[in-house]
Ligand code: BJW
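Residue numbers (full-length UniProt numbering): 1 to 296.
Take a look at the structure:
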């Protein structure tokens, strides 16, 4: 792959590397991207449903969309691309360097692969919050990661992507509510026309200002504010490198742009092929040991 040696020189001289990821890194895990083929659910594009207006108009439809995605993501595993980033973070930390992952994804597959302190710009599919209120649902001590399936009985058998189905019109009272039943809950993700959590965004800018190398993986770089991150770093005179299946609007501001699947490019580019093999084997061992016994 042309440019690998140049990238590895940049990597070797960097003290603080930031990785910005988008839906493309999870594509090889089987999670559809937003703007590629397969981004439609029923006949809707994500942009039509991922808005506070859409939720206000039809909370049942928007919840069905997110519940379907919870079902898809729950069955997915981190892929080689996620493992390569986790392996690099571990390796750099041992060398006394720093690496941070800022992701636009809500699937938590970076964390599943072993990445730590991941900045989730757009929230998480596994957290819930009350409508029009700050903060997440907690269990009294900490934020509650809710992976229950279905998250409410009303969704059982209802969230299929079949384009003939429009909305199941589930009564709002049956949708997920706070324990006292008073407040309607929603997925704790950031929709279009909603501000990002200011603490999360400030944290991301601090990392971008401090880093000396930005690697952008699997994002079309069209959704703001994340779309402004690469230009910000490039304008500061620091190298930006892209890994994407296709060229993007930002390829021209990148010092290097690698075209290909993240799972194929990253292990070689980051020089972590051996470590990735180890992490994949560990994962396979863990999932084999924890798989419930088959019923037959
Ligand atoms: C592979 C691969 C493989 C495939 N290997 N690569 C300034 C200018 C213009 C507009 C705005 C602006 N500032 C704000 C806005 C409005 C809006 C916005 O950006 N609109 C644009 C569409 C123009 N932004 C907002 O509303 C944000 N809020 C905000 O800024 O608040 C202040 C404000 C409010 C109102 C007005 C003005 C200011 C919030 C944005 C929230 C985005 N939320 C979503 C949904 C999250 C929950 C959910 O998942 O349902 O986040 S939208 C969706 O897009 C999701 C993603 O995180 C995000 C980015 O998509 P991503 O990850 O890039 O995916 P794709 O599909 O686009 O690209 C995948 C890429 O992977 C492709 O390039 C493939 O080639 C590649 N790929 N397979 C490597 N194997």
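Heads up, the beta-carbon is just placed ideally off N, CA and C, and yes, glycines get one too.
I'd like to confirm something about residue 188: is its beta-carbon nearer than 7 angstroms to some heavy atom of the ligand BJW, or not?
Your numbering for residue 188 matches position 188 in the chain shown. Residue 188: no, Cβ never under 7 angstroms from the ligand BJW.
Residues of its chain near residue 66, where Cβ-Cβ distance is below 6 angstroms and the 5 sequence neighbours each way are ignored:
Mapped onto the chain shown, residue 66 falls at position 66. Correct list, in chain order: 187.
Which whole runs of the beta strand (DSSP E) in the stretch 50 to 126 are 3 residues long or more, in chain order?
98 to 103
Quick check on the burial criterion: 16 or more other C-beta atoms within 10 angstroms. Buried or exposed for residue 107?
If you number the chain shown from 1, residue 107 lands on position 107. Label assigned to residue 107: buried.
Any beta strand (DSSP E) of 3 or more consecutive residues that is wholly inside the stretch 3 to 37:
16 to 21
Should residue 35 be listed as close to the ligand BJW, given that the test is whether its C-beta is under 7 angstroms from any heavy atom?
Here residue 35 refers to the residue found at position 35 when the chain shown is read from its first residue. Because some heavy atom of the ligand BJW lies under 7 angstroms away, the Cβ of residue 35 counts as near it: yes.
Put residue 155 into one of helix, strand or coil per three-state DSSP.
Translated into the one-based positions of the chain shown, residue 155 becomes position 155. Correct three-state label for residue 155: helix.
Under the rule that 16 or more other beta-carbon atoms within 10 Å means buried, what is residue 104, buried or exposed?
The residue you call residue 104 lines up with position 104 of the chain shown. Buried: at least 16 other Cβ atoms inside 10 Å.
Counting C-beta neighbours from all protein chains within 10 Å, is the total for residue 299 16 or more, i.e. buried, or is it exposed?
Beyond the ends of the chain as shown, which are 1 and 296, falls residue 299; an answer cannot be given.
Under the criterion of a Cβ to heavy atom distance below 7 angstroms, does residue 59 qualify as lining the ligand BJW?
Taking the chain shown and counting its residues from 1, one reaches residue 59 at position 59. No, the ligand BJW has no heavy atom inside 7 angstroms of this Cβ.
Go through its chain and collect everything with a Cβ distance to residue 383's Cβ below 8 angstroms, but skip five positions before and after it.
Nothing can be reported for residue 383: it is not among the residues displayed for the chain, which extend from 1 to 296.
Give the C-beta separation of residue 115 and residue 101 to the nearest angstrom, bearing in mind that I take them to be a contact with Cβ-Cβ under 8 angstroms.
Here residue 115 refers to the residue found at position 115 of the chain shown. Here residue 101 refers to the residue found at position 101 of the chain shown. 5 angstroms between Cβ atoms; contact.
Should residue 183 be counted as a contact of the ligand BJW given a C-beta to heavy atom distance under 7 angstroms?
Here the question's residue 183 lines up with position 183 in the chain shown. No, Cβ of residue 183 sits at least 7 angstroms from all heavy atoms of the ligand BJW.
How far does the alpha helix (DSSP H) with residue 240 in it reach, from first residue to last?
Position 240 of the chain shown, counted from the first residue, corresponds to residue 240. It is not in any alpha helix (DSSP H) - residue 240 instead sits in the beta strand (DSSP E) that spans 240 to 244.
Give a yes or no on whether the C-beta atoms belonging to residue 208 and residue 229 are separated by under 8 angstroms.
Counting from 1 along the chain shown, the entry for residue 208 is found at position 208. Counting from 1 along the chain shown, the entry for residue 229 is found at position 229. Contact flag set, yes.
Please classify residue 217: does DSSP put it in a helix, a strand, or coil?
Translated into positions along the chain shown, residue 217 becomes position 217. In this structure, residue 217 counts as strand in the three-state DSSP scheme.
Consult DSSP for residue 259 and reduce its assignment to one of helix, strand or coil.
Taking the chain shown and counting its residues from 1, the one referred to as residue 259 is at position 259. Note: residue 259 maps to strand in three-state DSSP.
Please determine, among 156, 59, 217, 126, the residue with the shortest C-alpha to C-alpha distance to residue 246.
Taking the chain shown and counting its residues from 1, one reaches residue 246 at position 246. Comparing Cα-Cα distances from residue 246 to each of 156, 59, 217, 126, the minimum goes to 217.
Since residue 189 is in the beta strand (DSSP E), which residue starts that stretch and which ends it?
Along the chain shown, one-based indexing puts residue 189 at 189. Counting along the chain, the beta strand (DSSP E) containing residue 189 begins and ends at 185 to 189.
Cβ-based burial, residue 301 [other Cβ within 10 Å; buried from 16]
Residue 301 cannot be examined here, being either before or after the span of the chain that is shown, 1 to 296.
Using CA atoms only, rank isn't needed, just tell me which of 132, 147, 128 is closest to residue 138.
What you label residue 138 is simply residue 138 of the chain shown in a count that begins at 1. Comparing Cα positions, the closest option is 128.
Please report how far the alpha carbon of residue 295 lies from the alpha carbon of residue 288, in whole angstroms.
Here residue 295 refers to the residue found at position 295 of the chain shown. Here residue 288 refers to the residue found at position 288 of the chain shown. The predicted position of residue 295 is uncertain, since its pLDDT is 46 and thus under 50; no value can be drawn from it.
Residue 128 - DSSP class collapsed to helix/strand/coil:
Position 128 of the chain shown, counting from 1, holds the residue named residue 128. Strand at residue 128.
Have a look at residue 11 and residue 17 and give me their C-alpha separation to the nearest angstrom.
As a working note, residue 11 is residue 11 in the chain shown. As a working note, residue 17 is residue 17 in the chain shown. If you take the alpha carbons of residue 11 and residue 17, they lie about 8 angstroms apart.
Hey, could you find the ends of the alpha helix (DSSP H) residue 133 is sitting in?
As a position in the chain shown, residue 133 is number 133, starting the count at 1. Where residue 133 is concerned, there is no enclosing alpha helix (DSSP H), given that its DSSP letter is neither H nor E.
Taking the alpha helix (DSSP H) that residue 192 belongs to, which residues open and close that run?
One-based indexing of the chain shown puts residue 192 at position 192. It is not in any alpha helix (DSSP H) - residue 192 carries neither H nor E in the DSSP assignment.
Compare the Cα-Cα distances from residue 157 to each of 237, 179, 78, 170 and report the closest residue.
For this step, residue 157 is matched to residue 157 along the chain shown. Selected option, being the one with the closest Cα: 170.
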